[in-house]
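Participant: First to last, the sequence lines map onto chains A and B.
Read the first sequence against my numbering and you will find it ends at 161, with the numbers running on by one and no gaps.
Read the second sequence against my numbering and you will find it ends at 130, with the numbers running on by one and no gaps.
One structure, pasted below without further comment.
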Amino acid sequence: MEDKARKRGLGLNPLSAIAQMDRIPGQVGYLLLNEEGAVISSAGELENDEKSADIIMGLIMLASQIDSEAYPNYEGFKKLSINYEGHSYVVCLSNRKIHIVKKLNSVDSVAVSV
Amino acid sequence: MEKQLDRVMDDVLSNPGVIGCVFADHQGLCLGAKGKASTDSAGIIGAITDQAAKLEPQHKSPVIVLENDTRTCIIQRSGTITGAIYKNI
């Protein structure tokens, strides 16, 4: 069964994407949105957090308009992170869905140093 | 003030990997831009920091990082001034 799920490919099945986000070290909450910004799934501190979802959708719209001179062959951004002192939000677009993870910074630095 | 900001921008550009920087005031008006950065993006970086600040208004302004395979853009507000630095990875 597990092999079958693996063959289906990561991120193709929304359930597998959720399982992946659950395993991120230091993760304290996540949101999975569709292209329109509607919440497909959420957990932890971001559970049903539509306000944060709206704000981050606004950020993605703004980020797509950034500097044409610094990015002449515009490819778009792959990752957007919003870093506070103790924690950060990481936003990725994949498989026509928006993945948002809230994680603690300290756990991240421990993982890097190991 | 322009001379000081000019010097800061030269300092920023002298760091390895930095290709450009732009600074905006609290209204999103451009204070200065150097390297591969257009003055037109001042409004956008101001708007991005305003939007990000809404996420957790109780905390101080966050650092916003936009990345693709080749470039990084780092944005932060300090007081009334917002700065954006463009870097090659």
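For glycine and all other residues, C-beta sits at the position ideal for the given N, C-alpha and C.
Closer than 8 Å, CB to CB, is VAL59 (chain B) near chain A or not?
Facilitator: It does not; no Cβ of chain A falls within 8 Å.
Participant: Using the Cα positions of GLY133 (chain A) and GLN99 (chain B), report the straight-line distance between them to the nearest angstrom.
Facilitator: Spanning the two alpha carbons is a distance of roughly 13 Å.
Participant: Going by beta carbon distance, what residues of the same chain come within less than 8 Å of ILE87 (chain A), once the five residues before and after it are set aside?
Facilitator: So the list reads PRO61, LEU79, LEU80, ASN81, LYS144, once near-sequence residues are dropped.
Participant: Please classify THR121 (chain B): is it buried, with 16 or more other beta-carbons within 10 angstroms of its beta-carbon, or exposed?
Facilitator: With fewer than 16 Cβ atoms within 10 Å of its Cβ, THR121 (chain B) is classed as exposed.
Participant: Under a CB-based cut-off of 8 Å, is ILE113 (chain A) close to chain B?
Facilitator: Taking Cβ atoms only, chain B reaches closer than 8 Å to ILE113 (chain A), which makes this a yes.
Participant: For chain A, is any of its Cβ atoms less than 8 Å away from the one on LEU70 (chain B)?
Facilitator: With 8 Å as the cut-off, LEU70 (chain B) does not count as an interface residue toward chain A.
Participant: Taking LYS98 (chain A) as part of the alpha helix (DSSP H), name the residues at either end of that continuous run.
Facilitator: Where LYS98 (chain A) is concerned, the enclosing alpha helix (DSSP H) stretches over 97-110.
Participant: Under a three-way DSSP split, which group does SER82 (chain B) fall into?
Facilitator: Three-state result, SER82 (chain B): helix.
Participant: Could you tell me the distance, in whole angstroms, from the CA atom of ARG48 (chain B) to the CA atom of CYS71 (chain B)?
Facilitator: The straight-line gap from Cα to Cα measures roughly 16 Å.
Participant: Could you give the distance in angstroms between the alpha-carbon of ASP96 (chain A) and the alpha-carbon of ASP91 (chain B)?
Facilitator: Their backbone Cα atoms lie some 19 Å apart in a straight line.
Participant: With 8 Å set as the bound, which would you pick, yes or no: does the beta-carbon of HIS67 (chain B) sit closer than that to a beta-carbon of chain A?
Facilitator: It does not: the Cβ of HIS67 (chain B) has no partner Cβ on chain A nearer than 8 Å.
Participant: Have a look at B:TYR127, B:ASP52, B:ALA94 and flag the residue whose alpha-carbon is nearest the alpha-carbon of ILE113 (chain A).
Facilitator: The residue with the shortest Cα to Cα distance from ILE113 (chain A) is B:TYR127.
Participant: Can at least three beta-carbon pairs, one atom from the segment 49-59 of chain B and one from the segment 94-112 of chain B, be found at a separation below 8 Å?
Facilitator: Not touching, per the Cβ criterion.
Participant: Along chain A, which residues have their Cβ under 9 Å away from the Cβ of VAL104 (chain B)?
Facilitator: Within 9 Å Cβ-Cβ: SER128, ILE129, ASN130, TYR131, SER135.
Participant: Give the secondary structure of GLU108 (chain B) by DSSP, where H, G and I count as helix, E and B as strand, and everything else as coil.
Facilitator: Here GLU108 (chain B) sits in strand by DSSP.
Participant: Taking LEU93 (chain A) as the reference, give the member of A:ILE65, A:ILE147, A:CYS139 with the closest Cα.
Facilitator: When only C-alpha atoms are compared, the closest one is A:ILE147.
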